[in-house]
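This report concerns only the one structure given below.
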Amino acid sequence: MKRITMAAGVAVAGAMLALSAQAGAQAAPLPQTTVAHAAAVTPSATQGDWNPPAGYTLERSFLGDSASCSKEGDAGVAAGKWHQYVCHEQMMKLTDTWMLFQFLYVQK
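Right, dumping it as structure tokens:
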């Protein structure tokens, strides 16, 4: 008799655990992940309160560090594409990962 009672108790406990897990799964919907393409992000939406100096325009934005932005800016000055440049970096969240974006502003 003890075995039957114990088996019934285990079965009831297992059924309750299954029901509570199912109710929890129904109550908590799966999170939806959206992916923003880097080219689809507009600089005005990502810059926050920062504004480029007067007379500077956005040449390009890309993933990377400040050294790569400076290298790009120096190459443009050396090639005569622009006179001066300013690099602005900002962390942006793409999906669940924070990435460092560089914004190269130039004065032509």
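Those letters in the sequence shown? Residues -27 to -1, 1 to 81, per mature numbering (1 follows the signal peptide of the UniProt record, and there is no 0), in order.
Heads up, the beta-carbon is just placed ideally off N, CA and C, and yes, glycines get one too.
query: Is R33 helix, strand or coil by DSSP?
result: strand
- prompt: So K66 is in the beta strand (DSSP E); what residue range does that whole segment cover?
  reply: 57 to 67
query: Given M64, which residues of its chain have a CB within under 8 Å of its CB, disregarding the five upstream and five downstream residues?
result: W71, M72, L73, F74
field: Cβ neighbour criterion (16 or more within 10 Å) applied to L36
entry: exposed
message: Using C-beta distances below 6 Å, list every residue in its chain close to A1, excluding the 5 sequence neighbours before and after it, in chain order.
response: In this prediction, A1 scores a pLDDT of 43, lower than 50, which makes its location untrustworthy; the coordinate-derived value is nonetheless stated afterwards. Nothing listed; no residue qualifies.
- prompt: Since W71 is in the beta strand (DSSP E), which residue starts that stretch and which ends it?
  reply: 70 to 80
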